[in-house]
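See structure below.
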Amino acid sequence: MSAKREALSWTDSSGNVYHYYHKPMLNAVIFVLLQELCERLAFFGITPNAQTFFKEYLNYTDAEANSYIAAFQAILYVTPLFAAVLSDTFLGVYATILSFSLIYMIGLILLFLATIKSISQPWMIHLSVLVLITIGGGGIKSCVNVMGAHQFHPEHHKADITQYYTYFYAAINIGAVV
Numbered sequence: 014m015s016a017k018r019e020a021l022s023w024t025d026s027s028g029n030v031y032h033y034y035h036k037p038m039l040n041a042v043i044f045v046l047l048q049e050l051c052e053r054l055a056f057f058g059i060t061p062n063a064q065t066f067f068k069e070y071l072n073y074t075d076a077e078a079n080s081y082i083a084a085f086q087a088i089l090y091v092t093p094l095f096a097a098v099l100s101d102t103f104l105g106v107y108a109t110i111l112s113f114s115l116i117y118m119i120g121l122i123l124l125f126l127a128t129i130k131s132i133s134q135p136w137m138i139h140l141s142v143l144v145l146i147t148i149g150g151g152g153i154k155s156c157v158n159v160m161g162a163h164q165f166h167p168e169h170h171k172a173d174i175t176q177y178y179t180y181f182y183a184a185i186n187i188g189a190v191v
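So in our numbering, spot 112 of the sequence shown is number 125, and the numbers just go up one at a time.
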């Protein structure tokens with residue numbers, strides 16, 4: 014290992030040694046920010062149109078569409094608790110993000126296919142929206158910001174961590190607005 018890389022090593026109280034990039038924002042964190050931006054684009058691309066889609070395409074009543082959307086949001090915001098435990102106990106942050114991102118992507122692809130009238134089936138919409146997208150989106154929620162923060166040395170990059178969270182929340186808001 015080069016001396017340059019060794020200068021940014023850190024050992025925790027358990028004896029685990031961590032290595033850091035000198036410029037983590039450019040070498041690693043940019044991918045975390047891109048992940049969050051794309052996830053928010055997908056989420057906010059789906060949710061504003063969901064009510065209209067359920068009412069016009071599936072012939073749901075207002076009450077049924079609202080119930081469906083409420084269930085979607087409830088599952089989406091409970092799933093991060095389970096994902097955090099899974100990440101901290103078994104998989105680790107990277108594997109958790111990778112696994113749940115794959116589930117999310119499969120859900121988005123299935124939802125896209127469900128919009129093609131010639132092949133669409135109601136089960137495709139229910140599986141993609143209520144299961145895959147909610148579990149995938151919720152699963153990465155508790156891990157993505159942590160993954161980005163883990164890229165910074167706890168002593169050498171203190172100021173950069175604050176800048177990272179500013180960029181992270183900017184990525185969320187840009188994804189929501191676009």
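Just so you know, even glycine gets a beta-carbon here, dropped at the ideal spot from N, CA and C.
Where residue i falls, given that 16 or more other Cβ within 10 Å makes a residue buried
i: Leu145; result: buried
i: Glu12; result: Any property of residue 12 remains undetermined from this structure, which presents the chain solely from 14 to 191.
i: Ser15; result: Unreliable placement is indicated for Ser15, whose pLDDT of 49 sits below 50; no coordinate value is reported for it.
i: Ser80; result: exposed
Check whether residue i and residue j have beta carbons under 8 Å apart
i: Met118; j: Ala127; result: no
i: Met160; j: Tyr73; result: no
i: Ser82; j: Leu143; result: Note that residue 82 corresponds to Ile in the displayed sequence, not to Ser. No, Cβ-Cβ distance for Ile82 and Leu143 is not below 8 Å.
i: Ile110; j: Cys156; result: yes
i: Leu46; j: Tyr180; result: yes
i: His169; j: Leu21; result: yes
i: Glu49; j: Ala162; result: no
i: Leu123; j: Ser112; result: no
Candidates the options, of which the one nearest residue i by Cα
i: Gly150; options: Asp173, Pro135, Val45 and Leu115; result: Leu115
i: Phe165; options: Ala63, Asp25 and Ala41; result: Ala41
i: Thr147; options: His32, Pro61 and Gln86; result: Gln86
i: Gly152; options: Pro135, Ala96, Asp25 and Thr24; result: Ala96
Problem - Validate contact between the stretch 52–63 and the stretch 179–189 using beta carbons, cut 8 Å, 3 pairs - result: Enough Cβ pairs lie closer than 8 Å, so yes.
Exercise for the section: At 3 residues or longer, and completely inside the stretch 15–78: list those beta strand (DSSP E) runs for me, N to C. Expected result: Along the stretch 15–78, the beta strand (DSSP E) occurs as fully enclosed runs of 3 or more residues at 22–24 and 30–32, listed in sequence order.
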